[in-house]
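**Student:** Residue numbers (my numbering): 344 to 1125.
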Ligand code: FUC
């Protein structure tokens, strides 16, 4: 769109909306125009605070780029730099106390149960250990006069961050990326005239570390991670920065590198730690950073950049989405967010969805740690909730997006973490519960701690590991890889064995339930959150047992165990409908008396999403009850809690309601200027969960069906999507016009039957491996 047209349209909007007057004036005061790539975040000023800076990452190494004019700051993370060292936090007094805790819970003496849990069952230490920053690389530039045409951007399609401006008649450009191929962050500084690149580079860090110049071109930061919870830092780390300039002079002394009057310059940032595994910190960070730098200085910038962009696009370009665009799509990102509540800006949904995919690719790749509460981006030594893995919703939500958004590779770190948890969790199962198998409570950290933490009302929940197992099974359902299933089956089996050994009969109906447990973080009306048999537990264990049985059938193993699981499964407490027609959150009908009617967690709706135990067609009464519960909880909550509501309403197939809740998530109170989700504070789960919700509005695959446009809002009358993945090993693309499905393309990865649904219409097709099937809007093959 030409600039004149944009101005005319904005003028028109000014007549309609007084709010736009202010925004339009701000947005057109600067000179810089929108970047060509529409999947870009962009701004006309540098970041002042961290939640304005732009994230890059290769899964392991991350940086937040501020884009300052006199000072550039790159805040750096490496995903194994956490506090402390290997530890095992199980309380030795827990096992002895648990029978009495169970008795107290069944007797309704919840406060007494809480006291006993606090005294004997909780982990030592009571908290887990936080994820930490390496520090920041600061580049200081000489005064160059007022900057004009300033633009700061992040291109999601290439995963390149860029800063450009004019000053003193010279155009300066900085380009930054984190290469998954070469394992370094590359910064390139160029200018439109020769001899104009001058800066000094130094590191700033809150860690116990020392920086020193090496030769005349490098800066090396050596340190040891922080202590926390009285556990001594046991990880050595090193960051190594290498300058490579064309022309001018490069020198290094003290704690600085200087580049003077160069034509252009490159900075390579390598970082590594001695962490190898949760029980092994014997790695050599120095040899890692040295060899990474030695390898990249042999390559040209173009070579490095081409390899990086290709690796990114191999994942990123698999999915394209278009739900329409208004003229607002060309405004700077911060202005779009500010104006979003009152504006018509559907393209922001596309940007948010693709940003979710970008963040997944940048924070979770094969071989790295899984994405934590902040992905891999954290500027602090003690971030909110330790920046850990909270597994009573947050870590699971982080991975909802990966399979449907065609990023299966990004799930590998999660699968590896769950496998490791099955080792540490086996110790916890044995020494805490005297049980077989393994257990993880509501959080874990780099050290794969699995005992209950923080306090009874948060930590006394044994179902975190079981929920994570749903992702292991999902990976199989999407990919159909039997070898993979064989590898992860023992992990699923171990999670199930724990519950075979620890489920107990509740006195009233003789159902099998967990005890002690809780409905995550929600206090019931009797002075505690601790209880027996919360609905969520039965739902998760029902899925775990079902999936274990199916896996064992496919692998043709464990016939006896299958039968045992089936019999225990039939005795689990059922989903129940309570006195106001709600889905009961607890075994007893306590919901209306609970203190926090609008609690952020909607744990009992696990059955609706991510599970498919409750569906509109399969269990209409329960779906209706889920709706009552969702209405009571309300649409407004913390970032991730809004995202969960979005996915639930998409499952209830109410497109307009769902889109309204998505709009809550896109408002400035839940989306920072850099589009990070605001709990608040920043938590990346909302980004991933929100992006998943957008996919769920357009396509769902569960209950043996692939449902097209199940929750299409009126505001998206036409559009298209390609590359979404469905359970069963299918990739789908389709478009719609006048709010009606127009054409569908389905690619079958493994062959086999596909059941499609559009509204009340269904169609079953048999496919061959690799076959592409085209259908019209009536689901008839062409
Ligand atoms: C759970 C949530 C909080 C927060 C924390 C990281 O405890 O209840 O809202 O998201 O995890």
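C-beta: ideal position from N, C-alpha, C; glycine also.
This one's a predicted model, so the numbers in the text were calculated from it and none came from an experiment.
Would you kindly work out how many angstroms separate the C-alpha atoms of residue 1123 and residue 667, rounded to a whole number?
**Tutor:** Between residue 1123 and residue 667, the C-alpha separation is close to 26 Å.
**Student:** Let me know the secondary structure DSSP gives residue 1066 once reduced to three states.
**Tutor:** Annotated three-state conformation of residue 1066 is strand, per DSSP.
**Student:** Who does residue 407 pair with in a DSSP beta bridge?
**Tutor:** Residue 407 is bridged to 398, 418.
**Student:** What residue does the beta strand (DSSP E) around residue 892 start on, and which one ends it?
**Tutor:** That residue, residue 892, is in no beta strand (DSSP E); its alpha helix (DSSP H) goes 878-898.
**Student:** With DSSP collapsed to three states, give me the class of residue 1122.
**Tutor:** coil
**Student:** How about residue 1036 and residue 974: do their beta carbons lie closer than 8 Å?
**Tutor:** No, the pair does not count as a contact, with Cβ atoms beyond the cut-off.
**Student:** Between residue 771 and the rest of its own chain, which residues show a CB-CB distance below 6 Å, the 5 nearest in sequence each way excluded?
**Tutor:** 433, 782, 793, 794
**Student:** Helix, strand or coil, according to DSSP, for residue 635 in the structure here?
**Tutor:** Shown here, residue 635 sits in a helix according to DSSP, grouped into three states.
**Student:** Using beta-carbon positions only, say whether residue 599 and residue 543 come within less than 8 Å of one another.
**Tutor:** The answer is yes: Cβ separation under 8 Å.
**Student:** Measure the alpha-carbon distance for residue 1096 versus residue 1016 and round it to whole angstroms.
**Tutor:** 45 Å
**Student:** Look up residue 766 in the DSSP assignment and say whether it is helix, strand or coil.
**Tutor:** Here residue 766 sits in helix by DSSP.
**Student:** Figure out for me which residue from 950, 944, 953, 960 has the closest Cα to the Cα of residue 983.
**Tutor:** Taking residue 983 as reference, the option from 950, 944, 953, 960 with the minimal CA-CA separation is 944.
**Student:** Does DSSP put residue 729 in a helix, a strand or coil?
**Tutor:** Residue state, collapsed to three classes: helix.
**Student:** How is residue 960 classed by DSSP in three states: helix, strand or coil?
**Tutor:** coil
**Student:** Would you identify the three-state DSSP class for residue 931, choosing helix, strand or coil?
**Tutor:** DSSP places residue 931 in the coil class of the three-state scheme, outside both helix and strand.
**Student:** Got a sec? Which residues, its chain only, sit under 6 Å from residue 776 by beta carbon, not counting five neighbours each side?
**Tutor:** 845
**Student:** Take every Cβ of the segment 1018-1025, pair it with every Cβ of the segment 1045-1056, and state whether three or more of those distances are shorter than 8 Å.
**Tutor:** no
**Student:** Provide the residue span of the beta strand (DSSP E) that contains residue 669, from first to last.
**Tutor:** Element bounds for residue 669: n/a, residue is neither H nor E.
**Student:** Quick check: residue 1048 and residue 1072, are their CB atoms within less than 8 Å of each other?
**Tutor:** no
**Student:** With DSSP run on the structure shown, which of helix, strand or coil describes residue 992?
**Tutor:** helix
**Student:** Can you name the residues that DSSP bridges to residue 1107?
**Tutor:** 1098
**Student:** Taking only three categories from DSSP, how would you classify residue 597?
**Tutor:** In this structure, residue 597 counts as coil in the three-state DSSP scheme.
**Student:** Please work out which residues of its chain come closer than 6 Å, Cβ to Cβ, to residue 372, disregarding the five sequence neighbours upstream and downstream, and give them in chain order.
**Tutor:** In this predicted model, residue 372 has a pLDDT of only 38, less than 50, meaning its place in the structure is not dependable enough to derive any value.
**Student:** With distance defined between alpha-carbon atoms, name the residue in 1082, 388, 1051 nearest to residue 678.
**Tutor:** 388
**Student:** Quick one: using the 10 Å Cβ neighbour count with 16 as the cut-off for buried, is residue 900 buried or exposed?
**Tutor:** exposed
**Student:** At which residues does the alpha helix (DSSP H) containing residue 646 begin and terminate?
**Tutor:** 644-659
**Student:** Closer than 5 Å is what we want: which residues have a beta carbon that near any heavy atom of the ligand FUC? List them in chain order.
**Tutor:** 728, 733, 864
**Student:** Exposed or buried, what is residue 579 when buried is set at 16 or more other beta-carbons lying within 10 Å of its beta-carbon?
**Tutor:** Within a 10 Å sphere around the beta-carbon of residue 579 sit 16 or more other beta-carbons, which makes this residue buried.
**Student:** Which runs of the alpha helix (DSSP H), 4 residues or longer, sit entirely within the segment 420-479?
**Tutor:** 437-449, 453-459
**Student:** Report the three-state DSSP secondary structure of residue 609 (helix, strand or coil).
**Tutor:** strand
**Student:** Got a sec, what are the start and stop residues for the alpha helix (DSSP H) residue 677 sits in?
**Tutor:** 676-682
**Student:** Sorted by chain position, which residues of the same chain lie with C-beta nearer than 6 Å to residue 1106's C-beta, five sequence neighbours on each side aside?
**Tutor:** 1099, 1122
**Student:** Would you mind giving the Cβ-Cβ distance between residue 602 and residue 586, rounded to the nearest angstrom? I have them listed as a contact below 8 Å.
**Tutor:** 6 Å
**Student:** Three-state secondary structure (DSSP) at residue 382?
**Tutor:** coil
**Student:** Three Cβ pairs or more, each shorter than 8 Å: is that satisfied between the segment 707-714 and the segment 747-759?
**Tutor:** yes
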